[in-house]
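Residue numbers (my numbering): 437 to 713. Ideal Cβ placement from N, Cα and C applies to all residues, glycine included.
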Ligand SMILES: [Zn+2]
């Protein structure tokens, strides 16, 4: 067990149907297998994170393989950076419904059968789906700002389109550990945006330098997808930040299209954690 008690920071140990630290703090395991390590007083909403409908939409879209090139690129990064000896730990922060996590876990176990793979997300609905997807990953409800693992305990930390918490990622990574961050490329979903907006703009790609980390390089993944199922178009739209800020008539225009042709583009940035200054 690699998770730590969110109350006192002590190691958690498996006991029947729950996790317990030596000070007696106890966290129940949900029937689907994840454990809730998000303390009620740190929740900002009653049901934080993606709700069940959002999770279902995302699962449907990803399961149909539209973002498989990103999944494959993440897996090959794991293959190249995961230590082949010892018992390395990979943590996927903001893992959602586990589409990428499950695939990375498979790659990790291929490199090193002793590797442990952990996934955390703020959404219970997402982790319920994730825990059903794979038995190779330990999932916990937790915020990316207070990850329930010990300092210097993680070999690879992955973050795919989820909150980026530089200080917390640095805390949990081993010195020399690797941070893999997946972000949208400049032209990602440009075809979708062209339907929604009169003047679509390209995504801004952030500068790469990160304090406390050495930049190892970026991998670009780009392609084109043709979506011919309106339900998949709707699912994709729900996954994007545009779902919150698009005028209703533009949404109707998109959702009445029989097919959508759009570019997809991702960057995977790789960093090595260095000693903090
Ligand atoms: Zn405790």
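Residue i and residue j closer than 8 Å at C-beta
i, j, result
"residue 664", "residue 632", "no"
"residue 617", "residue 581", "no"
"residue 622", "residue 607", "no"
"residue 706", "residue 627", "no"
"residue 526", "residue 518", "yes"
"residue 599", "residue 530", "yes"
"residue 491", "residue 565", "yes"
"residue 513", "residue 676", "no"
As assigned by DSSP and simplified to three states, the class of residue i
i, result
"residue 713", "Its pLDDT being 47, under 50, residue 713 is placed unreliably in this model, and the value from its coordinates should be taken loosely. Residue state, collapsed to three classes: coil."
"residue 514", "helix"
"residue 477", "helix"
"residue 497", "helix"
"residue 585", "coil"
"residue 609", "strand"
Nearest-angstrom Cβ-Cβ length linking residue i and residue j, presumed shorter than 8 Å
i, j, result
"residue 553", "residue 544", "6 Å"
"residue 470", "residue 575", "4 Å"
"residue 510", "residue 704", "7 Å"
"residue 593", "residue 613", "7 Å"
First through last residue of the alpha helix (DSSP H) which encompasses residue i
i, result
"residue 627", "626-632"
"residue 717", "Since the first and last residues shown for the chain are 437 and 713, residue 717 lies out of range."
"residue 668", "666-675"
"residue 687", "684-691"
Span of the beta strand (DSSP E), counted from its first residue to its last, around residue i
i, result
"residue 663", "649-663"
"residue 409", "A question about residue 409 goes unanswered here, because the residues of the chain that appear run from 437 up to 713."
"residue 446", "Where residue 446 is concerned, there is no enclosing beta strand (DSSP E), given that its DSSP letter is neither H nor E."
"residue 573", "573-577"
Opposing strand residues paired with residue i [DSSP bridges]
i, result
"residue 640", "DSSP output for residue 640 lists no bridge partner at all."
"residue 619", "703"
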